[in-house]
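Reviewing the structure listed below.
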Amino acid sequence: QQQVKQSPQSLIVQKGGISIINCAYENTAFDYFPWYQQFPGKGPALLIAIRPDVSEKKEGRFTISFNKSAKQFSLHIMDSQPGDSATYFCAAKGWEAAGNKLTFGGGTRVLVKP
Amino acid sequence: KAGVTQTPRYLIKTRGQQVTLSCSPISGHRSVSWYQQTPGQGLQFLFEYFSETQRNKGNFPGRFSGRQFSNSRSEMNVSTLELGDSALYLCASGLFGASQETQYFGPGTRLLVL
Chain A
1 QQQVKQSPQS
11 LIVQKGGISI
21 INCAYENTAF
31 DYFPWYQQFP
41 GKGPALLIAI
51 RPDVSEKKEG
61 RFTISFNKSA
71 KQFSLHIMDS
81 QPGDSATYFC
91 AAKGWEAAGN
101 KLTFGGGTRV
111 LVKP
Chain B
1 KAGVTQTPRY
11 LIKTRGQQVT
21 LSCSPISGHR
31 SVSWYQQTPG
41 QGLQFLFEYF
51 SETQRNKGNF
61 PGRFSGRQFS
71 NSRSEMNVST
81 LELGDSALYL
91 CASGLFGASQ
101 ETQYFGPGTR
111 LLVL
């Protein structure tokens, strides 16, 4: 059962453009939603994260929007740069008692064209 | 601080063999989680250890096992390897507690089963 659905699977954006990746979840017990960036040959690196009591969080060119009622969240990459070309994963984590298990979306491969 | 380290980085095994992968977490981190990453299934949670105890387990067969030592280092073992076990195995370490959400991934061990 895929509890976190991510779209699109891939996207191509011009340098300076906006990349938008969407995720939807089913489990209402999730209470922490991180985004990870992964380059080829590397492990995923935490990019930005949000909790459900916040509707938006911005860090530099990266913004998470969160819609609790729709059970959806999205990543916006503003002013996309060729160095942003990577695979992005959304993830979700449950209550503290459930431990640190992360449920990942399927990933989005982003290519930023110069 | 040194990051999460995983050894070996690459491994080639044949069907039926067993393999042991090692993970050293970031100093001070007591939670270690393991994930399997494949092109078809994406990132899937294997198990999590905290203070030498398995706290959470994913939906993998019993051939996959792990343990954690008193210094928080962790190993995972896969017995009777199958072709489908070829994957990137990622280890992530983190602190424990609702406010300590961030998990840091290592570079992974790429396992090829022939």
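Quick mapping for you: the protein sequence lines, in order, are chains A and B. Each residue of the first sequence is one higher than the one before, starting from 1 at the first, in the numbering used here. Each residue of the second sequence is one higher than the one before, starting from 1 at the first, in the numbering used here. Ideal Cβ positions, reconstructed from N, Cα and C, are used throughout, including at glycine. Owing to the predicted nature of the structure, the values given are computational and were not obtained by experimental measurement.
Neighbouring residues, chain B, relative to residue i (Cβ below 9 Å)
{"i": "K42(A)", "result": "F105, P107, G108"}
{"i": "A49(A)", "result": "E101, T102"}
Cβ pair residue i, residue j closer than 8 Å
{"i": "R109(A)", "j": "Q37(A)", "result": "no"}
{"i": "T14(B)", "j": "V78(B)", "result": "no"}
{"i": "F39(A)", "j": "A70(A)", "result": "no"}
{"i": "Q37(B)", "j": "A87(B)", "result": "yes"}
{"i": "L75(A)", "j": "F62(A)", "result": "yes"}
{"i": "V4(B)", "j": "Y104(B)", "result": "yes"}
{"i": "I12(A)", "j": "L111(A)", "result": "yes"}
{"i": "S70(B)", "j": "V32(B)", "result": "no"}
{"i": "G16(B)", "j": "L83(B)", "result": "no"}
Residues that DSSP places opposite residue i in a beta bridge
{"i": "T102(B)", "result": "DSSP, once it has assigned bridges, lists no residue as partnering T102(B)."}
{"i": "T5(B)", "result": "S24(B)"}
{"i": "A91(A)", "result": "F104(A)"}
{"i": "R67(B)", "result": "E75(B)"}
{"i": "V112(A)", "result": "V13(A)"}
{"i": "P34(A)", "result": "A49(A)"}
{"i": "H76(A)", "result": "I20(A), T63(A)"}
Near the ligand MG: residue i beta-carbon under 7 Å from a heavy atom
{"i": "F39(A)", "result": "The model on display carries no ligand, and the ligand MG is accordingly not part of it."}
Under 8 Å by beta carbon: chain B residues contacting residue i
{"i": "G107(A)", "result": "G42, L43"}
{"i": "K93(A)", "result": "E101"}
Sequence-distant residues of the same chain with beta carbon closer than 7 Å to residue i, five excluded per side
{"i": "Y25(A)", "result": "Q3, V4, K71, A92"}
{"i": "G58(B)", "result": "Q44, F45, L46, F47"}
{"i": "H29(B)", "result": "S72, S93, G94, L95"}
6 Å Cβ shell around residue i - same chain, five flanking residues per side excluded
{"i": "M76(B)", "result": "L21, W34, G66"}
{"i": "G16(A)", "result": "D79"}
{"i": "N27(A)", "result": "Q3"}
{"i": "T7(B)", "result": "S22"}
{"i": "S24(B)", "result": "T5, R73"}
{"i": "R110(B)", "result": "Y10, L88"}
{"i": "I50(A)", "result": "F33, K57, I64, F66"}
Partners in chain A for residue i, counting only beta-carbon separations shorter than 7 Å
{"i": "T102(B)", "result": "L46"}
{"i": "E48(B)", "result": "G99, N100, K101"}
Nonlocal neighbours in the same chain, by C-beta distance under 8 Å from residue i, ignoring five residues either side
{"i": "F64(B)", "result": "L46, F47, M76, N77, V78"}
Proximal chain A residues relative to residue i, where beta-carbon distance stays under 9 Å
{"i": "S33(B)", "result": "G99, N100, K101, L102"}
Per-residue contacts from residue i into chain B (C-beta, under 7 Å)
{"i": "Y32(A)", "result": "E101"}
{"i": "K5(A)", "result": "Chain B residues near K5(A): none, gap ~11 Å exceeds 7 Å."}
{"i": "Y89(A)", "result": "Sequence check: residue 89(A) is Phe here, not Tyr. Neighbours of F89(A) on chain B, chain order: L43."}
Between the stretch 88 to 107 of chain A and the stretch 17 to 34 of chain A, are three or more C-beta pairs nearer than 8 Å? With the rule of 3 Cβ pairs closer than 8 Å, the stretch 88 to 107 of chain A counts as touching the stretch 17 to 34 of chain A.
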